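Only one structure is covered here, and it is reproduced in the block below.
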Amino acid sequence: MKNKNHLRWSEFLIQTLIRVLGFSSIGFVLLIFLFLLREGIPVFFQVSPTNLFGTRWYPTFDLFGTLPLILGSVLVTVTAIVIAVPLGVTTAVFVREVAPNWAREVLKPMIEVLAGIPSVVLGFFGMTLLAPFVRETLGFPTGLTAFTGALILAYMALPTIISVAEDALDAVPKSYRDAGLAMGATQWQTIWRVVVPGARSGIVTAVMLGMGRAIGETMAVMMVTGNAARMPLSLDSIFRPARTMTATIAAEMGEVAQGSVHYHALFGIGILLFLLTFIINLAAATTIFKKRRRGGLR
Amino acid sequence: MKRVLMQRVGFVLLGLLALVVVLPILLVIGAIVARGAQAINWEFLTAMPRNGMKEGGILPALVGTLLLTLGTAVAAIPVGIGGAIYLSEYARDTWLTRAIRLAIINLAGIPSVVYGLFGLGLFVLFLQFGTSILAGSLTLAIMTMPIIISAAEEALRSVPTEFRTVSASLGGTRWQGVRNIVLPQALPGIITGVILGLLRAAGETAPILFTVAAFFLPRLPQSPLDQTMALPYHLYVISTQVPGMPADVQYGTALVLLALVLSLNLIASVIRSYFRRRREW
Amino acid sequence: MVTDPAPKIRIQDVTYAYDDAAALRNVTLDIPAHAITVLFGPAGGGKTTLLRLINRLNDLVEGTRMSGQILLDNEDIYAPGVSVTDLRRRVGMVFALPLPLPGSVRQNVLYGPRLAGLRDQGRADEILFRSLNQAALWEEVKDRLDDSASALSGGQQQRLCIARSLALEPEVLLLDEPTSGLDPISTAKVEHSLFELKKDYTIVIVPHSVQQAARVADHAAFFLMGELIEHQPEKKLFTAPQKKRTEDYVTGRFG
Ligand SMILES: Nc1ncnc2c1ncn2[C@@H]1O[C@H](COP(=O)(O)OP(=O)(O)OP(=O)(O)O)[C@@H](O)[C@H]1O
Ligand SMILES: [Mg+2]
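Chains as they are written, first to last, in the working numbering: chain A, 1 to 298; chain B, 1001 to 1281; chain C, 2001 to 2255.
Now the structure itself:
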């Protein structure tokens, strides 16, 4: 027989280890925030607020106006969501409610594949094939525009939106559908009047998660949006080059001197991104959270 | 009837929209495979880049990506699975547990470039690992962790509670039940999740930009504290930073990266469907 | 039958609640050694709950409240410092549904002993034979010891679960409707092995019918809505119930 004390000790050790690993996620979030603050806070002392929230980002001239970057991110993200949400929700409806089995068997793996394609590969595709196509068909001076970036981003957000929306549709009780059909509505009417409204909160979650994904996307956006830090104020801004917060960090961090104002400013943008995605995900999470409880055998 | 006709038309429309989702995916893959295949040969995979990366191969980038993925696996798997075991088997429903779940959702949502900043601040500068495989792997590992935790927790939870109860009723401690019954039963699901996490790490560029990636370094890394080239960054470099780059080399690199990631994807789904069919409960 | 003066298990004023409504209320009951004690009554009466309290399986359920004491050989099993795993080795449990663990027949039977530190192969074979034999299963599975346990029939699986508990040589065996999913022949086999087993073990069983209760009881307790209505030695509860509600139930007037 095994030594009983030995058993108790190893059980205790393992339990402690697992608990520490369980808590580590909180630790990592705090650590990430801490280090962003540590490297980013100085910029708020080195650069005046009017400069920081100004309209011109020219670090070489000590102009650190983040407004064009923020608006660039917003422009690209919102456009992407506007494209992705109808496409994603209808695809989810198609997959869950309408598609014959064979179509489902083709669609689901394809969407998984899309989720797996590295963003730099999509960026490369966007640069070499999509951008020239956009330029020629729409007759713009360049194909590297906010719109091109939004197109790529929309597809990158699609897998998230589709899978969360699918779960939401799945969670609508069958009795709703039956009631709809029993009242003489066609399947089509039932879907749009009963099922989709019933899945509304889940679809909102899907949209928010897709938005979080889009706003944080870096490489693809950097490669196809043209990276001009200008205020997107005119109506045709969407068809002109733009620059996002993420792309700015990725493009410039490699070239700055550690400890310079520019360096701290890039971390400052990082703090902003962190907080933005934190809020978006928090909002999405509160709609997901369900109290879980594990019972025993009855 | 008019309503039935409307439904018909509606369904066809939905199908067309689904096609709008799928066709570009096929287009991306098709274009890259068609053009990249011409560039790929034995030399391309096994030689050092030459002549400003315009000739030769991509060996150091390929090896670098494999090493980074390996490093990520070593760091992320134990922490990820341990965290999942905690959440599924030990955690009670308290505010602390909810805080952990929130942290995981948050970690999963942090932009990859912000992970890059964090890795730079903590691993490269504060801990003085320098731009190195070590710093890059750890950065990628923290990014991968929430994916592994969520997938592993789901796999663990799908194992029927009854097994745990039976194990306990036979004098098993909680950990014994987990190790002997729950973990083996959840293993296929966990492996699938791990692979999905790692393929994400293998394809990411932004987190390694400032933590490990070398622009051009035509030799293989000698230690975990070395810099290395990596496939995703290499693709970025040769498609945006080097003028006059032959398209073949670009497409070839893109294809190798895509093939690596998609084959991992395939392995994951094969494991998943194989074991789903085989399990007894 | 020689009745042991000291009861094996004493349940003293136990009240237990899952959420808000109490599943057990002020239950006091002595369970004699080397006899079959039957706990019966209509659904939701708290029988399963009581069984699960006796080997502390309900420790796994969150958010519950308990008062009162349960003594095994005069020692409080909920006292601080009591090893729960040791307790569960002394008090085995068989569930209403057959729940073979993933793996072979052999692995199932030896699961408990292995966790308790059994390494010796000869000893393992001994345990395997003894417990399968006690559960009246040996003849049927002796050639399939390494087959998957889930390939057995439902009745065989349930006897395997009994064998699995017996492998630990517990002092007490708790059975929760062990024959609810079985055909009459398998049921008879299980009941027969219980009669054999009570020489060595203290048995507490929740039967799946009043008839079964009457067949196997050396001592019977009637539960209704979390309350112990009455308990009597031998089969008096079925022949001469004291309380009206017991009589109504055993004669089939409600239930
Ligand atoms: N895990 C649990 N969580 C919450 N309530 C529970 C749980 N298990 C049992 N209960 C409740 O406790 C009460 C007693 O249940 P118990 O299973 O002990 O009854 P029982 O006498 O075994 O019934 P049955 O004959 O149906 O098996 C019931 O009201 C039941 O709903
Ligand atoms: Mg019961």
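Beta carbons are placed, not taken as given, at the ideal position from N, Cα and C, and that holds for glycine. All values reported here derive from a predicted model rather than from experimental measurement.
Could you check whether the Cβ of residue i sits closer than 9 Å to any Cβ belonging to chain B?
i                  : result
asparagine 2074(C) : no
glutamate 217(A)   : yes
alanine 119(A)     : The residue you asked about is not alanine; residue 119(A) is serine in the sequence shown. So yes, serine 119(A) belongs to the interface.
glycine 2092(C)    : yes
threonine 145(A)   : no
tyrosine 2016(C)   : no
serine 2165(C)     : yes
proline 109(A)     : yes
Can you find a CB in chain C that lies within less than 9 Å of the CB of residue i?
i                 : result
aspartate 1226(B) : no
leucine 1096(B)   : no
alanine 1168(B)   : yes
proline 1184(B)   : yes
threonine 1173(B) : yes
arginine 1003(B)  : no
arginine 1101(B)  : no
glutamate 1162(B) : yes
aspartate 1093(B) : yes
threonine 1283(B) : In the structure as shown, chain B starts at 1001 and stops at 1281, and residue 1283(B) therefore has no counterpart that could be examined.
threonine 1165(B) : yes
valine 1020(B)    : no
Would a check of beta-carbon distances place residue i closer than 9 Å to chain A?
i                  : result
alanine 1206(B)    : yes
threonine 1180(B)  : A small correction: the amino acid at residue 1180(B) is asparagine; threonine does not occupy that position in the sequence shown. Not an interface residue.
glutamine 1128(B)  : no
tyrosine 1274(B)   : no
isoleucine 1271(B) : no
alanine 1075(B)    : no
Ends of the beta strand (DSSP E) at residue i?
i                     : result
methionine 1143(B)    : It is not in any beta strand (DSSP E) - methionine 1143(B) instead sits in the alpha helix (DSSP H) that spans 1133 to 1157.
phenylalanine 2223(C) : 2219 to 2224
glycine 2068(C)       : 2065 to 2072
phenylalanine 2040(C) : 2036 to 2040
aspartate 62(A)       : Taken as a continuous stretch (DSSP letters only), aspartate 62(A) belongs to no beta strand (DSSP E), as it is neither H nor E.
leucine 2024(C)       : 2022 to 2031
For the alpha helix (DSSP H) containing residue i, name the first residue and the last one.
i                 : result
valine 85(A)      : 67 to 93
glutamate 1162(B) : 1161 to 1169
proline 1060(B)   : 1059 to 1085
tyrosine 176(A)   : 174 to 182
tyrosine 1274(B)  : 1247 to 1278
tyrosine 1115(B)  : 1112 to 1119
arginine 200(A)   : 200 to 216
glycine 123(A)    : 119 to 125
In chain order, what residues of the same chain have a beta carbon less than 6 Å from the beta carbon of residue i, not counting five sequence neighbours either side?
i                 : result
glycine 2155(C)   : Leu2182 and Ser2186
tyrosine 2018(C)  : Thr2064
glutamate 136(A)  : none
alanine 115(A)    : Pro159
aspartate 2013(C) : Asn2026, Thr2028 and Gly2068
aspartate 287(A)  : Correcting the residue type first, residue 287(A) is threonine in the shown sequence and not aspartate. Here the set comprises Ser201 and Thr205.
threonine 1192(B) : Ala1268, Ile1271 and Arg1272
I'd like the list of long-range same chain contacts for residue i, defined as Cβ closer than 7 Å, with 5 residues on each side in sequence excluded.
i                  : result
leucine 2057(C)    : Met2093
methionine 1(A)    : Bear in mind that the predicted position of methionine 1(A) carries a pLDDT of just 40, short of 50, making it unreliable; the figure below should be weighed with that in mind. Excluding positions up to five away in sequence, the list is empty.
glutamate 2247(C)  : Pro2241
glycine 1203(B)    : Pro1232, Leu1257 and Val1261
isoleucine 2087(C) : Strictly speaking, residue 2087(C) in this sequence is leucine, with isoleucine absent from that position. Result list for leucine 2087(C): Asn2055, Arg2056 and Ile2077, in chain order.
leucine 144(A)     : Ala131, Val224, Thr225, Gly226 and Pro241
threonine 55(A)    : Gly65, Leu67, Pro68 and Met231
Enumerate in chain order the residues of its own chain whose CB-to-CB distance from residue i is below 8 Å, with the five nearest sequence positions on each side excluded.
i                 : result
aspartate 1979(C) : In the structure as shown, chain C begins at 2001 and stops at 2255. Residue 1979(C) is therefore absent and cannot be evaluated.
alanine 257(A)    : Tyr263
Which ranges would you report for the alpha helix (DSSP H) in the region 2097 to 2179 of chain C if only whole runs of at least 4 residues count?
-> 2105 to 2115, 2121 to 2134, 2138 to 2141 and 2154 to 2166
Hey, which unbroken runs of the alpha helix (DSSP H) at 4 residues or more fall wholly within the region 130 to 167 of chain A?
-> 131 to 138
The region 208 to 225 of chain A in contact with the region 68 to 85 of chain A per 3-pair CB rule at 8 Å | They touch, by the three-pair rule.
At least 3 beta-carbon pairs within less than 8 Å: the region 97 to 117 of chain A vs the region 281 to 288 of chain A | no
Touching by the beta-carbon criterion (3+ pairs, under 8 Å), the region 1242 to 1260 of chain B and the region 1046 to 1056 of chain B | yes
Counting pairs of Cβ atoms below 8 Å between the region 1198 to 1217 of chain B and the region 1005 to 1025 of chain B, do you hit three or more?
-> no
Continuous alpha helix (DSSP H) assignments of at least 4 residues falling wholly in the region 2178 to 2253 of chain C = Whole alpha helix (DSSP H) segments, 4+ residues: 2184 to 2197, 2210 to 2216, 2236 to 2239 and 2244 to 2250.
Where are the alpha helix (DSSP H) runs, 4 residues long or more, that stay fully inside the region 1011 to 1055 of chain B, in chain order?
-> 1042 to 1046
Evaluate contact between the region 2200 to 2208 of chain C and the region 2170 to 2182 of chain C, counting only Cβ atoms and requiring at least three cross-stretch pairs below 8 Å.
-> yes
Can we say the region 36 to 55 of chain A touches the region 1094 to 1113 of chain B, given the rule of at least three CB pairs closer than 8 Å?
-> Segment contact: the region 36 to 55 of chain A against the region 1094 to 1113 of chain B, fewer than three CB-CB distances shorter than 8 Å; contact not assigned.
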